[in-house]
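The structure appears right after this line, and notes come after that.
Residue numbers (the UniProt record's numbering): 1 to 957.
Dropping the structure here:
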């Protein structure tokens, strides 16, 4: 429930509340329907003006459940043909698969629009509390197969396309993956949207519409190369054209101003005004998110950025300065060009910060407009947290906190205390990392330049946070107080406010009075004179006395000048000019929200005991765990129809798709030979698809009879792809030392498959990619080894490739250093598809092992609490490398490839032993699927809805 924790008192002078104005442009959900050609049957599409203030009950017509009454494949074929003939994107001569895809997508969109409109209209009329999920990434994958599957129209669309001479599976492959994310963060967000719609929760997602995505990965002899992603190109007719991506509708009437730079002034009304600077517009693009077997169709709203035509500098253009003429447009549009632009340069940092603020500002303005529109004449700002829940997916949307404060105070006229109470009860934060370098820290100087008003707000929050810390810990133990303030402050390496700095005064050591000091000096000097040799002349003695007296007189003058000087300030209160001044975004998230959750049990424990321990001591009720999950619709039902059919057959229904607890019923059949035979056949069929994929993507030919050993995830040192490939090197070296007969006896055939992108500026990660591809080039061309070992790096890994690889996988590697991975979600997808994991006790691995059974999980390596000790031993020089590790290092350095190990190698031996017993292996595989029920995102979303957002399912009439 979204209740505030013990309040952070941020008391300032209360400002009078003024009347609250309009809420911006309304939402007009619906697409204009092209009139049908004579003789063609058209699916009816009704426009609904969803954003009007609807009062009273709707007519039966307005509550129609679906655009389609019972529908047959002929009607669908007619509708597809209509879209193909009237689509301006393709020539009319040929009905190519690409054209068929676009026409089919438009036909499906027709089917979605009615439920989509009805969903929003019903939310609007009933004024239900709604969740808004803000994320920099939404890694959606292809939409066509998912949409027709959720609508339960897969068979009808397959038959319709057959009538038109096309094949649904082939047509679906024409769809490019939407390049709106990179890894687990974006994939989780997309799973959540699917579950929210399927479970009938009122919720929207908000993100940015990246034109070029992260990048398209190309693998060459030199390793990874990056080019711009071209996911929108097949459908681009003009900028912001609604005829582009067939799944989105551009809302040119829904646009919000977003400001950068400028300055802050105080008006005569007592409010702060942010004026001047650079202004852009954020334009809405909507994508429908259909639920499975339900009318509910929610919305993903993405923002593009632009400026109006008047900002085009026509004078500069006509003078020949074309670059300057287009400068304002380029500065606006480049905000949404690339996901995670390189931030090594100051310009890159500014661009990333602009991205984050654009997401927060446009989304909050839109959310507030919805709130005001639904409230009508009964607007009460204190009701805002009871109607709105904002979830920040990691720290990227942190600026929601100061932005909501700014809008409530500066635009809506609320006092600080009112705005803070509303903000804290509305906003919640999901932490996704324990890596210090991944907890975002922004340069205060850059933020001051770009967002001056927000810095003022953050300075006040920071000051009041320190007052709260002082209230809790008192001032008696200044060492403890310093530790807590340093650990918990939002602004790091920034001077303490004077009111707090005075608590850290170091009294000067009391100096003795000048007369006492003179007496001591004289006594000492006389003692010295007595000891002087008799040969010293009287003149020399007089000189010494005069010198001593002069020193004393100087001391008296200095002392007199310092009599009224202040005590010394502890250096702690001042910033260090050698270090950067930064804003710690994660700390701001914790302070500004009512809930902080980790994403796996072990991760949430680390968050409380280590990363945010000071905050946990202060506000323990804020912290909770929400173990991640994945949608069983996309990640087994649609991507693995072979296994899905088997599951439904043996369980007796397909209820498990909505209630994954029913997967546990497979356990009682795990030893059944008929099930095992069917299970292996399905796995083999999926492996054949991967054989084709690998041949198409890399040119390598692999055997479907080998074990498919897969590690697919973002390339990063802590994810330890390097450990995997070194293990392969060791395996290869041992094979080379054996005879052919010994190799077959000692090793089972393996195809070791890698996939994932290394960030463009992450040099070490790119070196790992290069090393993997070099090993592959050597191993795969060794005739002595043949099919006994193959190494494959699949380029440009994305959701669609995952949907092919995961159902075919037999062993999957989740081998991050314990305590490093927050959760992981690919581990859940693999387990759900009957793949056995090899991994450490890290992230969700711990819970997966508990659910599927320790005997069905290959465990190696140190536990999280042991890692710190191992690192300390290494730092002290006590680490002794295992001989096998040294052997591999030497072998790698010999040039044969051009360029926690012991436990891992031993565990891999156990894998080989188990795989030789296919009956045992198949049993383990079945039990992984049977034990994966906990890891459905449906379970996770129910927990968020109940414990954080306080929202309930809304069933459309």
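Using N, Cα and C, we set each Cβ at its ideal position, and we do this for glycine too.
- Message: So, does the region 490-509 touch the region 577-588, judging by three or more C-beta pairs under 8 Å?
- Response: Yes, the region 490-509 is in contact with the region 577-588.
- Are there three or more Cβ pairs, one per stretch, closer than 8 Å when the region 102-114 is compared with the region 184-202? Two segments are said to touch when three or more pairs of C-beta atoms, one from each, lie closer than 8 Å; by this definition the region 102-114 does not touch the region 184-202.
- Does the Cβ of residue 393 have 16 or more other Cβ atoms within 10 Å, making it buried, or fewer, making it exposed? So residue 393 ends up on the buried side.
- Query: In the DSSP assignment, what are the bridge partners of residue 255?
  - Reply: Note: residue 255 sits in a beta bridge opposite 283.
- When you compare only the Cα positions, how much space is there between residue 971 and residue 447? Residue 971 lies beyond the stretch modelled for the chain, which goes from 1 to 957, so this question has no answer here.
- Item | Helix, strand or coil at residue 343 [DSSP, three-state] | DSSP, reduced to helix, strand and coil, places residue 343 outside both helices and strands of the structure shown, so it counts as coil.
- How is residue 237 classed by DSSP in three states: helix, strand or coil? Here the model assigns residue 237 a pLDDT of 47, short of 50, so the residue's position is not dependable, and the following value carries that caveat. Per DSSP, reduced to three states, the secondary structure at residue 237 is coil, with no helix or strand assignment.
- Item | Whole-angstrom distance between residue 257 and residue 771, CA atom to CA atom | Computed Cα separation, rounded: 47 Å.
- Between the CA atoms of residue 825 and residue 935 - distance to the nearest angstrom: CA-to-CA, the gap between residue 935 and residue 825 works out to about 9 Å.
- Proximity winner among 634, 454 and 796, relative to residue 830 (alpha-carbon distances): Taking each of 634, 454 and 796 in turn and checking the Cα distance to residue 830, the smallest one comes out for 634.
- Message: So if DSSP puts residue 133 in a beta bridge, which residue, or which two residues, is it bridged to?
- Response: As DSSP reads the structure, residue 133 sits in a beta bridge with 205 and 391.
- Report yes if the CB atom of residue 399 is closer than 9 Å to the CB atom of residue 345, and no otherwise. It is not a contact, given that the beta carbons lie outside the stated cut-off.
- Query: Is it true that the CB of residue 852 sits closer than 9 Å to the CB of residue 930?
  - Reply: A contact, by the Cβ cut-off of 9 Å.
- Task: Look at the alpha carbon of residue 570 and the alpha carbon of residue 382, and state the distance between them as a whole number of angstroms.
- Result: Each residue's Cα considered, the two are about 43 Å apart.
- Is there contact here, the region 899-919 with the region 796-806, by at least three beta-carbon pairs under 8 Å? Counting Cβ pairs under 8 Å, fewer than three are found: no touch.
- Are the beta-carbon atoms of residue 588 and residue 358 separated by less than 9 Å? Taking C-beta atoms as the reference points, residue 588 and residue 358 fail to come closer than 9 Å.
- Can the beta-carbon of residue 430 be found less than 9 Å from the beta-carbon of residue 597? In this structure, residue 597 lies closer than 9 Å to residue 430 by Cβ.
- DSSP state of residue 396, grouped into three classes? If DSSP states are grouped into helix, strand and coil, residue 396 belongs with coil.
- Message: Tell me which residue opens and which closes the beta strand (DSSP E) that residue 447 is part of.
- Response: That residue, residue 447, is in no beta strand (DSSP E); its alpha helix (DSSP H) goes 444-450.
- Tell me where the alpha helix (DSSP H) around residue 191 begins and ends. DSSP places residue 191 inside the alpha helix (DSSP H), whose first and last residues are 184-198.
- Task: Give the secondary structure of residue 37 by DSSP, where H, G and I count as helix, E and B as strand, and everything else as coil.
- Result: Residue placement at residue 37 cannot be trusted, given a pLDDT of 35 that sits under 50; what the coordinates show is reported in the next sentence. The answer is coil: DSSP assigns residue 37 none of H, G, I, E or B.
- CA-CA distance, residue 91 and residue 305? Their backbone Cα atoms lie some 31 Å apart in a straight line.
- Start-to-end residues for the beta strand (DSSP E) that takes in residue 782: Per DSSP, residue 782 lies in no beta strand (DSSP E) segment and is marked neither H nor E.
- Task: Kindly list the residues whose CB is nearer than 8 Å to the CB of residue 450, restricted to its own chain and excluding five residues on each side of it in sequence; keep chain order.
- Result: Around residue 450: 260, 261, 350, 353, 354 and 357.
- Limits of the alpha helix (DSSP H) - the one that residue 727 falls within: In the DSSP assignment, residue 727 falls within the unbroken alpha helix (DSSP H) covering 721-736.
- Smallest Cα separation from residue 176: which of 739, 942, 213 and 765? Residue 176 has its Cα closest to that of 213, out of 739, 942, 213 and 765.
- Query: DSSP on residue 592, reduced to helix/strand/coil?
  - Reply: The answer is helix: DSSP assigns residue 592 an H, G or I state.
- Query: Using the rule of at least 16 other Cβ atoms within 10 Å of the residue's Cβ for burial, across every protein chain shown, is residue 937 buried or exposed?
  - Reply: Counting C-beta atoms within 10 angstroms of its own C-beta, residue 937 has 16 or more neighbours from the protein chains shown and is therefore classed as buried.
- Answer yes if the region 189-198 comes into contact with the region 163-172, meaning at least three C-beta pairs across the two stretches below 8 Å, and no otherwise. The way I'd put it, the region 163-172 doesn't touch the region 189-198; fewer than three beta-carbon pairs between them come closer than 8 Å.
- Message: By the three-class DSSP mapping on this structure, what secondary structure does residue 755 have?
- Response: In the structure shown, the three-state DSSP call for residue 755 is strand.
- Query: Along the chain, where does the alpha helix (DSSP H) that runs through residue 73 open and close?
  - Reply: The continuous alpha helix (DSSP H) containing residue 73 extends over residues 73-86.
- Message: So, under 8 Å CB-CB, residue 611 and residue 623 are touching, yes? Tell me the CB distance rounded to an integer number of Å.
- Response: At roughly 10 Å, the Cβ-Cβ gap does not stay under 8 Å, so residue 611 and residue 623 are not in contact.
- Query: Can residue 775 and residue 715 be called in contact, C-beta distance under 9 Å?
  - Reply: Residue 715 sits away from residue 775, with the two beta carbons spaced by 9 Å or more.
- Looking only at DSSP bridge pairs, what is residue 598 linked to? DSSP lists 625 as partners of residue 598.
- Item | Local Cβ density within 10 Å of residue 659, reported as buried at 16 or more and exposed below that | Counting other Cβ atoms within 10 Å of its Cβ, residue 659 stays below 16 and is therefore classed as exposed.
- Message: Mapping the DSSP letters down to three states, classify residue 680 as helix, strand or coil.
- Response: Three-state result, residue 680: helix.
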